[in-house]
């Protein structure tokens, strides 16, 4: 009994219960119903295998960097998943690991741009019971933004234009102009900016950094009046180029001297130093992904691996005639000596000559080579003798190290294949192609001159399908 | 003297007025010893920086890391819960709580279930509040409904559960819906009882008559006293619970945990046993159980979050001051079955 607030004792307020029987029936009935419900759901759950609760993958990074992961979160801890339980469509090399309720699928190479992927993991069981389940996750990767230079018709008075478009498995769409200027000689994409080389009226070159956010243009102060070429960028935080001072060739301060510029620091070009600590004149050079080292073939034909920041000493990698390409993972270089094209390991310096593999049983003559992401596979420009016509025909081929497969050739025989470039993820090759050499006119941008009719054809390396054919050249991935 | 007055004073009308008190000598000695202990730790560390104290074994480091992480995550919410509890118990007028209650018993119980949204105290503070509700004219079953729903259906618990789990695996939704269902089912069952006063323990009347036991003096004094008392109750539970959680993860082989956590039934029974033993407060239990989420099925986590705030060692001890043993057994059976059923349903659906 409880005291009333007003001072009088009272009992707790009563509900509508009519008697002990009602209460017992309500209690017993509730217990029975709940017990049955528990048994039903226990049965259902027992006969149900693990389920996919959520999945995480970065659709942008997964096309840019190898080693990205798709993480499948299940509703319960699962038994170890083997690689033969995992199916990825379209196929991509991977490794798989399991930890508790997380299945991690690591893609060994970058995935394809703008592509729908389906990942299925079959026969997934919990450690407790053998009831198998299949987990399925679909995702679409981000498209790649590519840039192309489309020069104006000679004499038209119009400006040259750098265009950007979205590249997917289906093709190149949404080309828009992102920068216009007079006499654009060369450009690269450096992160969220363009580095653009233009020619001034004095024939000297200018280097500008153009923001892709707001179009702001910053003109870089070069080491003096002169010309630059071999412009390259690395992962968005550095650009490099060769610079040659204007004036008397015998009194030049810089002659084909390699410079680099850290875009994350002061935008001031600095010379790259060789073994002796002097600035370095180079015939070929390239950034080595992903760390930003530089492979430089000096004019004395010594190949050096250089840390442009000067924190690590330069590493000599032998004497070579030319440096053609660096693999996307930075492990391998393609170099040339007097006789062969050679695969050079940047890790241990081992060198292995290689030539183009036969195409339809005929061994072609090799030209420009672009390595794919891993293994011996590569894309190469080759010439094949056509005995019926009695001429050499240029082709672009995919070479797996055993045989070559044609990706592109000029059907009419009137065209000319210029340069080729493989996308960083190894999905496409961009072929610069002049459809009719006889009628083409040079744009006279010496020494960067191109035919006025030059086009870029994008070919899917896996299928050989042409996905785009657009005016312009110098594709930047 | 009215009940209202002696409730505020915390004594019966016929009790003599207590003498004014300051801090006891034992409290002062304890405080001084504690401060000296902390100061000596700093002094030792400052005087012996070059000694290179031996590092703890990896297992002990894992244990400390796991335990401290739970404490750090939950401490702000513990303090918030205690402060809100003080506001509710000492600063909000009684009439605000009982105003505008519907007459229909189902609607009354449903509304009582959500009183926790305005009285966001954890289960430790709910027992005296539930007594107060009976005193203010609520039925025993309505008081039970509040008692069972308020630890779960209150903003602090909702926020901490959301912080820990978001909307993943339906754990948050299952907890909220489950808490409402459990409270209303039990409220309905006990509303059928013909003699509700027989559900109460014999000492309840005396407990109620004793009023609020949190301290004497003005509201500020009582608030400070209540803060000290609540922290004194909750912090040991939090530290011990965190330590047990760390110990379980470090000491119990991962294979055992994974196997146990992957079994639909055993995972739920294990989580109910864990909740019963550690008696961690509902305001922080989501953070406590978060490290287990990767090895235990989501339904078992939901069961832990439903069962723990209502039935655990500490709560049963508190409830026994108000209800008979038979009532507690019946409540335990119903809560166990319904929380297990909801956990199994979560495992099936998600």
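Residue numbers (this note's numbering), protein chains in the order written: chain A, -11 to 465; chain B, 94 to 443.
C-beta atoms are modelled at their ideal positions from N, C-alpha and C, and glycine is treated no differently.
Owing to the predicted nature of the structure, the values given are computational and were not obtained by experimental measurement.
Are there 16 or more other CB atoms within 10 angstroms of the CB of residue i, so buried, or fewer, so exposed?
| i | result |
| --- | --- |
| residue 142(A) | exposed |
| residue 402(B) | buried |
| residue 134(B) | exposed |
| residue 215(A) | buried |
| residue 434(A) | exposed |
| residue 380(A) | exposed |
| residue 42(A) | exposed |
| residue 186(B) | exposed |
| residue 116(A) | buried |
| residue 232(A) | buried |
| residue 274(A) | buried |
| residue 460(A) | buried |
| residue 249(A) | buried |
| residue 201(B) | buried |
| residue 373(A) | exposed |
| residue 151(A) | buried |
| residue 298(A) | exposed |
| residue 68(A) | exposed |
| residue 378(B) | buried |
| residue 426(A) | exposed |
Can you give me the start and stop residues for the beta strand (DSSP E) that residue i sits inside?
| i | result |
| --- | --- |
| residue 301(A) | Segment: none, residue 301(A) is in no beta strand (DSSP E) and carries neither H nor E. |
| residue 252(A) | Unbroken run through residue 252(A): none, as it is neither H nor E. |
| residue 183(A) | 181 to 187 |
| residue 340(A) | 339 to 342 |
| residue 428(B) | Looking at the DSSP string, residue 428(B) is not in any beta strand (DSSP E); the run it does join, the alpha helix (DSSP H), is 418 to 442. |
| residue 454(A) | 454 to 459 |
| residue 363(B) | It is not in any beta strand (DSSP E) - residue 363(B) instead sits in the alpha helix (DSSP H) that spans 357 to 371. |
| residue 138(A) | 132 to 138 |
| residue 378(B) | Element bounds for residue 378(B): not the beta strand (DSSP E) but the alpha helix (DSSP H), 378 to 382. |
How far does the alpha helix (DSSP H) with residue i in it reach, from first residue to last?
| i | result |
| --- | --- |
| residue 413(B) | 406 to 413 |
| residue 10(A) | 8 to 34 |
| residue 137(B) | 118 to 140 |
| residue 255(B) | 248 to 258 |
| residue 235(B) | 233 to 242 |
In three-state terms, what does DSSP make of residue i?
| i | result |
| --- | --- |
| residue 202(B) | helix |
| residue 430(A) | strand |
| residue 86(A) | strand |
| residue 308(A) | coil |
| residue 196(B) | coil |
| residue 262(A) | coil |
| residue 48(A) | coil |
| residue 316(A) | coil |
| residue 400(B) | helix |
| residue 228(A) | strand |
| residue 151(A) | strand |
| residue 439(A) | strand |
| residue 368(A) | strand |
| residue 351(A) | coil |
| residue 53(A) | coil |
| residue 345(B) | coil |
Between the segment 28 to 37 of chain A and the segment 77 to 97 of chain A, do three or more beta carbon pairs fall short of 8 Å?
-> no
Note down, in chain order, all residues in the segment 46 to 66 of chain A with a beta-carbon under 9 Å from any beta-carbon belonging to chain B.
-> Along the segment 46 to 66 of chain A, going in chain order, the ones with a CB nearer than 9 Å to a CB of chain B are 61, 63, 64, 65 and 66.
Contact the segment 224 to 237 of chain A vs the segment 198 to 206 of chain A: 3+ CB pairs below 8 Å | no
Residues from the segment 72 to 98 of chain A in contact with chain B, defined by Cβ distance under 9 Å = 87, 88, 89 and 90
Would you check if there are 3 or more beta carbon pairs closer than 8 Å linking the segment 409 to 421 of chain B to the segment 250 to 268 of chain B?
-> Because the criterion of three Cβ pairs below 8 Å is not met, the segment 409 to 421 of chain B and the segment 250 to 268 of chain B do not touch.
Within 7 Å of chain A by C-beta, residues of the segment 363 to 391 of chain B in sequence order = 387, 388, 390 and 391
Counting pairs of Cβ atoms below 8 Å between the segment 386 to 395 of chain B and the segment 360 to 373 of chain B, do you hit three or more?
-> Contact holds: three or more Cβ-Cβ distances are below 8 Å.
Hey, is the segment 421 to 440 of chain B in contact with the segment 384 to 392 of chain B, meaning 3+ C-beta pairs nearer than 8 Å?
-> yes
Is there contact between the segment 238 to 247 of chain A and the segment 178 to 191 of chain A, where contact requires at least three CB pairs shorter than 8 Å?
-> no
Stretch pair the segment 87 to 95 of chain A + the segment 42 to 61 of chain A: three plus CB contacts closer than 8 Å = With the cut-off at 8 Å, the segment 87 to 95 of chain A and the segment 42 to 61 of chain A touch.
Along the segment 424 to 441 of chain B, what residues have a CB closer than 8 Å to any CB found in chain A?
-> Hits within the stretch, in order: 426, 427, 430, 431, 433, 434, 437, 438, 440 and 441.
Count the CB pairs spanning the segment 413 to 429 of chain A and the segment 98 to 109 of chain A that are closer than 8 Å, and state whether there are at least three.
-> yes
Take every Cβ of the segment 285 to 302 of chain A, pair it with every Cβ of the segment 256 to 275 of chain A, and state whether three or more of those distances are shorter than 8 Å.
-> yes
Counting Cβ pairs closer than 8 Å, one from the segment 132 to 141 of chain A and one from the segment 53 to 60 of chain A, do we hit at least three?
-> no
Pairing CB atoms from the segment 266 to 281 of chain B with CB atoms from the segment 233 to 246 of chain B, are three or more of them under 8 Å?
-> yes
For the segment 22 to 33 of chain A, enumerate the residues whose C-beta is nearer than 8 Å to any C-beta of chain B, in chain order.
-> 22, 23, 25, 26, 29, 30, 32 and 33
Taking three-plus beta-carbon pairs below 8 Å as touching, is the segment 117 to 133 of chain A in contact with the segment 438 to 449 of chain A?
-> Touching, no.
For the segment 125 to 133 of chain A and the segment 341 to 360 of chain A, state whether three or more C-beta atom pairs, one from each stretch, are separated by less than 8 Å.
-> By the Cβ rule, the segment 125 to 133 of chain A does not count as touching the segment 341 to 360 of chain A, because fewer than three pairs are nearer than 8 Å.
Listed in chain order, which residues of the segment 11 to 22 of chain A have Cβ atoms closer than 7 Å to some Cβ of chain B?
-> 11, 14, 15, 18, 19 and 22
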